Each structure stands twice: as C-alpha cells, then as structure tokens.
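Chemist: Protein chains in written order, with this note's numbering: chain G, 638 to 1063; chain P, 2 to 304. Where is the CB? At the ideal position from N, CA and C, for every residue including glycine. Note that this is a predicted model, so its numbers are computed, not measured.
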C-alpha cells in the first residue's frame, strides 16, 4: 500500500511540454472527491457518455459493474446496461453494439479477461473503438484474487492499446482520453489499473464537469454502421491474398488488413500524445508523454516499472537518495503501442536500468524488461538492464526491498544477469 | 392472407451463385427467412455453413448487413446489436441471429440462454443439419442416435439428440417454433409472425444436408418431407405458451395421426446404414411416442 496519499498534481511529473495552466488547475481542484479506483473508472465511463455497457462481475472489478448499473437504473446515465452471463459475451455485446454506432464500455479482471481473449482479437481485428477497464489481478492456477499484471500482459498481442494508470486520477482521466484515442485510430483501448492497490484504495480525484468532458470528447461518429440502407458485411472470410470485388477493384487480403492494424497502433503514438496534451490544457493535468519520470535525466541509475508499482519505486528512490545513491524513476503509462523511441531517448545516458515486473513471460523474463531491452537495442544505449519479478499474486512490495535490489544491481556492475531475479524469498 | 407460392414476395435477398454445396437446404431456408424479414434486418452469424454461404471478402451473395462473430458469441452478438440499435435510436430493424446446431446446441448455448433469459428483443434461428457439417460432418449433440459421422465413424452415435426447442421453451419465451427448409411457406409464415413479436423468439429449422447425411443431392426436399411424414420432425409453434401443430404435421394429426414408417426416411441416408432392425424398431417406437405426446398437447386424439 502507499505510504503517502498522492494528490495527482503533487506527483512529480516531467514530460515533454507539461506546462500546466495555473487557472485550470485551481478550477479542477474545486471538484476533488475522495474515491477508489473502481469508482473513478465508473465515473470516467459515465462522463464519457457511454451508450452500451456490458459487464460480468469479477473480483476486484465488481464495484465498477455495480456503480454503472446504479448510474443506469437511477437514470443518471442514459445507456443500455446488458447484464451478460460471461465476459466472452460482454465483449461480444460491445463489439456488435459498436458496429451499429454505439459507444461501448466494459470492465473485467484476470480470468474474465482471459475468457474474453478470443473476443479481444475480434474487437481489434474489426477495428472497433471499444474501451475497457482492466483491474489487474493474478491469474490461476492456483486461485488468487490479488494484484499483479499478468492478466493484461497476457493480452499484449491482441492488438489493443494498453494504458496503465498509476493512481485513481489517472484511471478517470485515461478512460476519457481512451475514447478520444480509440475513436480516432479505430483501435480498442484497455485502461489497466492495479487491483486493490488502486481499485479499492481511496484517494483524492479531481472530477471534471460533464460540460468539460463534452468539450473534450465529441459524440462518437463511426465511419461505418450496419444498416440495410448501405449493406456492409463485417469480418467475412478473407483470403491471404488480395482479391477483386464485383466491380473489379482489388481489395485487401488478410495480410494487408493485419498490416493496417499494426500501422494504426504505430500512428496511435502521436494521437495518444496529442490527446494527453489537449487533456492537460483543459484540466491542468499533463499527459504529455508515454511515461512519467522523476529525476531520470540526471541519474545514472533508473528504476522502471508500470502502474502503481512505479509509485512504490519513488519511495525506494527517495530512500536511496538519503543513502547517497542517486536513482531516477520511470513509470510506463503507455505499454501498447510501446514508445520505443521516446524511451531510448530518455534512457540514453543511463548506466543501470532496473526493471521491476509484476508479470513474467515464463521461460524468459518480465515483459516490461524484454520490451525495454528491445527498445534500447541498436540505439547506442550502454545501460546494463536488470530484471526483478515482484508482487505476484498480491505479494507485498516493500520500498526497502526495491531499494536493496537496486543497490545489488549497481554493485554487480556490468556482470550480466542470466535470468530474472525474484523478490519472493526475502 | 395465407402465403402461397403465387403471392410470396418476389424480392430476393439471397442471390444465386452462393458457395453452399449442391442440394443445400440451408440456402432454401435462408432465402425464405430473409424474404419474411423483407431485408429489414441485421444478421449475426457465427462460424458455420452460413459463413461459407455469405461469401469471401470482398464478395457476398447476401443483401442484408451482417456481422460474422466468433462461434460461442452469437446470442451475445445479437444482444449487442439490440442494445446498440436502441442506444442510437433505431427502432425499425429486426436483429436475426442464425447459427447451426453446433453453434446453438453446443458451443453457443451459454450466450443464447443468457440472451433469452434477459428476454432480449431478437429472433434466433437454429438451422439444424444434425452435425458439424462445416468441418466435414462430425457429431454434435443434435446428431441422432445410430448416425455415422467423422467422430462416430464405426458404431455410430450412441446418445439421443438434445431437444433444443424444449430447452428454449423453458426460458418462457413469447414465441418458439419448429420449421423445415422443405416446408418453406410454413417457415416463411413463422418468421413473419416472429418478426412482429417483441422479446426473444426462437425457431428451430430442420435442414437436410446431402453430403453429410449421404443422400442424393436431388433428394433434399423429398428427405425433408419424409422427415415430417414419418414424425421424425414435428412442425409446431408455441405462442405465449399456446401450443399448436402447423402445416403438414397439423393435417396429419387432423386425419388421425397416421405416420409413414420411419425406415422410409432412414434408408435413403447412408449415415444410417449401420442401423440394425432392432435399432430401427426402437427409433420407430420413440418417434411414435413423441408424436402422440405432441398430438395430445395440440388437442388431437391418436387413432
């Protein structure tokens, strides 16, 4: 759990051009509510004026479904709430509702996300701007209901944009931003946040007004809707090679359609940045980069982590500084698309990079570590990258353990690490 | 006005030249289903023979908007279309979910049951060819006992068929019906009626499959007619709990309920070639028992 209550604007944020307009900042502080992460997610969806919600309760996401049901039943939110019988069906409802032009939302965790897996591919492949909240939880077996990030990391290659929130403010803000991103690039967006650590932890969240959100997020205007007046066919069997249509026009094969998805994710980097900056100018909270950093530019040692884990790393860095060991922290917010160039740029002078993963690609290493190494490859970066697996299945992550791992890594110098180390038997 | 071959709409929504097998009765059924909906529908289809019928990108033979959805998701996809259309204010369209027996009885039953339990406003049609025909004829829970298939290749299927229509009736739906591709006007009337009803409407449509059941491509309609005349298939509808026999089943019951011997239906089909005389007798007895129950339910007395 966090050692300190984090008010979003007090968190050290460095990121691109993150000049925050002072007046707006004062304005948004007027609407500060003390809420947990799940309430922030439900509120984010409501403020985004979602039209169709389909969700199936799962710990620790359940309060999101209850919150949204209440919004709909009380008439606060004009939307269809479909109380589906499974997560697979939840995503099927979202994809099909999206095809007739509705803005859709779902939320899930762990096994629910795994059960949705087939439909995740379908949503991305059909280029539907579905947004979902993933409340990160460990996957069985054995059963475990507590936090790690194995669930969403396991869905890395489904073609979804993945944003990771570090606090409840970011959950709310990211869901609103997610719709603007998804509806521009036609790629679904998963907003991930740590189960319990955020989902059930209350903290101050500055809530924008409906008018403010409406100004930022226009109504969804899809390029295609299913309608007998303009007959379209979604997801027909598509051959490997391009093929002529009835008018003799050569149309995409499966490969071309898949390549377009990759290009959309590549292009979404710019859209994500622009959306974050626009959001920042309205609300006085900057999302001007794909990650947030604290003391990275001056430090030889950089700790990298994702989600709320990076906040714990801040505490570890503070401990290290007190002991005379300089360490910066980089918290990744955008994991898909992976911001390779921006990361390589900011880490080019680092000597030691220590990546803490709350996930693992079994037989290799933590996913964030692998991705980061790949991003640095060929850029001239000279850092030694070390990987520690931490916090699986809700194992408490202590700042002093993180600090000890950093010290150990620095002491090891350039000796390569043969496999990731586990902070599990300390 | 009763629909006849003379007054049925000439407008076609299923163009000729689709990719189904010769003698496919799904084509016949789908043609009349779309006519009855007057094309004012959005269709959702899981992996099945109908996916093949719909064509390969960028060419289709069907003049209605369509969602191709993963195998297990048909009912949920329909629920999504219904919710989406409501959310965007479209009120004039019927959502049609149409899946095979694999996609209905087996992998799709969860999503279908969920959508039906929520009384989702849509029409679900199961076209039943009694096996996984799109993958080349393997057993489904609708494959009849004794039938040979790719996964019951030697002994034939041992277990009875799952009665999906009874399962769906247990959901207390406003409209449940059976139909056959080979009685297209009865099918047309039922779809037309279902179109005008709110809530979940379920129809089970019998579609003989020449390559899967191994009978002559030219005999599709004959086999379908024999199925009803032998009592293998019973045509009925249940509207707000009111049961009634329809079409040929109704006139058979009215005339005393005499059935043609089941062997006339079974023997032209190679899939039943391993049946023993004893097995056929048992099947005959089962069919008669079921038929008498249906007659009784409809208020007829068997002679």
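Could you compute how far the alpha carbon of residue 1030 of chain G sits from the alpha carbon of residue 770 of chain G?
Modeler: 19 Å
Chemist: Under 8 Å between C-beta atoms, does residue 868 of chain G make it to chain P?
Modeler: yes
Chemist: Can you give me the C-alpha to C-alpha distance between residue 986 of chain G and residue 736 of chain G, rounded to a whole angstrom?
Modeler: 47 Å
Chemist: Report yes or no: is there a C-beta of chain P within less than 8 Å of the C-beta of residue 892 of chain G?
Modeler: no
Chemist: At a cut-off of 7 Å, is residue 754 of chain G close to the ligand GTP when judged by its beta-carbon and the heavy atoms of the ligand?
Modeler: Ligands displayed in this structure: none; no statement on the ligand GTP is therefore possible.
Chemist: Using a Cβ-Cβ cutoff of less than 6 Å, which residues in the same chain neighbour residue 691 of chain G once the five nearest sequence positions on both sides are dropped?
Modeler: 719, 721, 727, 730, 731, 743
Chemist: Using the C-alpha atoms, what's the distance from residue 855 of chain G back to residue 687 of chain G?
Modeler: 12 Å
Chemist: Our contact map puts residue 291 of chain P next to residue 244 of chain P with C-beta atoms below 8 Å; I'd like the distance itself, whole angstroms only.
Modeler: Actually they are not in contact, since the Cβ atoms of residue 291 of chain P and residue 244 of chain P sit about 14 Å apart, beyond 8 Å.
Chemist: May I ask which residues mark the beginning and end of the beta strand (DSSP E) holding residue 280 of chain P?
Modeler: That residue, residue 280 of chain P, is in no beta strand (DSSP E); its alpha helix (DSSP H) goes 278 to 298.
Chemist: Using Cβ-Cβ distances below 8 Å, what residues of the segment 21 to 51 of chain P are close to chain G?
Modeler: 40, 41, 42, 43, 45
Chemist: Check whether the segment 91 to 100 of chain P and the segment 172 to 186 of chain P touch, using three or more Cβ-Cβ pairs below 8 Å as the test.
Modeler: no
Chemist: Is the shortest distance between the beta-carbon of residue 106 of chain P and the beta-carbons of chain G less than 8 Å?
Modeler: no
Chemist: So, with DSSP's three-state summary, where would you put residue 753 of chain G?
Modeler: coil
Chemist: Return helix, strand or coil for residue 973 of chain G, following the three-state DSSP convention.
Modeler: strand
Chemist: How long is the line joining the alpha carbons of residue 850 of chain G and residue 813 of chain G, rounded to whole angstroms?
Modeler: 8 Å
Chemist: Tell me which same chain residues have a C-beta within less than 6 Å of the C-beta of residue 31 of chain P, skipping the five on either side of it?
Modeler: 15
Chemist: When the Cβ atoms of the segment 821 to 839 of chain G are set against those of the segment 793 to 810 of chain G, are three or more pairs found closer than 8 Å?
Modeler: yes
Chemist: Using a Cβ cut-off of 8 Å, pull out every chain P residue sitting near residue 880 of chain G, in sequence order please.
Modeler: For residue 880 of chain G, the chain P residues whose Cβ falls inside 8 Å of its Cβ are 57, 58, 59, 60, in order along the chain.
Chemist: Under 8 Å between C-beta atoms, does residue 70 of chain P make it to chain G?
Modeler: yes
Chemist: Taking the straight line between their C-alpha atoms, what separation do you get for residue 13 of chain P and residue 46 of chain P?
Modeler: 19 Å
Chemist: Once DSSP output is grouped into helix, strand and coil, what is the label at residue 994 of chain G?
Modeler: strand
Chemist: Check whether the segment 1011 to 1027 of chain G touches the segment 979 to 994 of chain G, counting contact only when three or more Cβ pairs, one atom from each stretch, lie closer than 8 Å.
Modeler: Judged by Cβ distances under 8 Å, the segment 1011 to 1027 of chain G makes contact with the segment 979 to 994 of chain G, as three or more pairs qualify.
Chemist: Give, in chain order, every unbroken run of the alpha helix (DSSP H) that is at least 4 residues long and sits entirely within the segment 673 to 743 of chain G.
Modeler: 674 to 684, 699 to 710, 724 to 736
Chemist: Would you mind telling me which residues of chain G sit closer than 9 Å to residue 119 of chain P, beta carbon to beta carbon, in chain order?
Modeler: 719, 720, 721, 722
Chemist: Near residue 648 of chain G, what residues of its chain come up, given a Cβ to Cβ distance below 6 Å and the 5 sequence neighbours on each side ignored?
Modeler: Because the pLDDT of residue 648 of chain G is 32, which lies under 50, any placement of that residue in the model is unreliable, and the number read from its coordinates should be weighed accordingly. Within the same chain, residue 648 of chain G has no close Cβ partners at all.
Chemist: Anything in the segment 730 to 754 of chain G with a Cβ closer than 9 Å to a Cβ of chain P? List those residues in chain order, please.
Modeler: 730, 731, 732, 733, 734, 735, 736, 737, 738, 739, 740, 741
Chemist: Within 8 Å of any Cβ in chain G, is that where the Cβ of residue 87 of chain P sits?
Modeler: yes
Chemist: Go to residue 912 of chain G, then tell me how far its alpha helix (DSSP H) extends in each direction, as first and last residue.
Modeler: Counting along the chain, the unbroken alpha helix (DSSP H) around residue 912 of chain G starts and ends at 891 to 920.
Chemist: So is residue 19 of chain P buried or exposed if we call it buried at 16+ other beta carbons inside 10 Å?
Modeler: buried
Chemist: Between which two residues does the beta strand (DSSP E) harbouring residue 940 of chain G extend?
Modeler: 938 to 943
Chemist: What residue from P:131, P:57, P:264 has the CA that sits closest to residue 285 of chain P's CA?
Modeler: P:264
Chemist: Which of the three DSSP states, helix, strand or coil, is assigned to residue 243 of chain P?
Modeler: strand
Chemist: Which residues in the same chain have their Cβ closer than 6 Å to the Cβ of residue 747 of chain G, if we skip the five residues on either side of it in sequence?
Modeler: Exclusion of the five residues before and after residue 747 of chain G leaves 774, 776, 788 as the residues of its chain whose Cβ lies within less than 6 Å of its Cβ.
Chemist: For a contact meaning CB atoms closer than 9 Å, what does residue 875 of chain G contact in chain P?
Modeler: 57, 58, 59
Chemist: Apart from the five residues just before and just after residue 316 of chain P, which ones in its own chain have a Cβ nearer than 7 Å to its Cβ?
Modeler: Nothing can be reported for residue 316 of chain P: it is not among the residues displayed for chain P, which extend from 2 to 304.
Chemist: Find the residues of chain C that neighbour residue 883 of chain G, judging by a C-beta separation of less than 7 Å, and give them in chain order.
Modeler: Here the protein chains are G and P, and chain C is not one of them.
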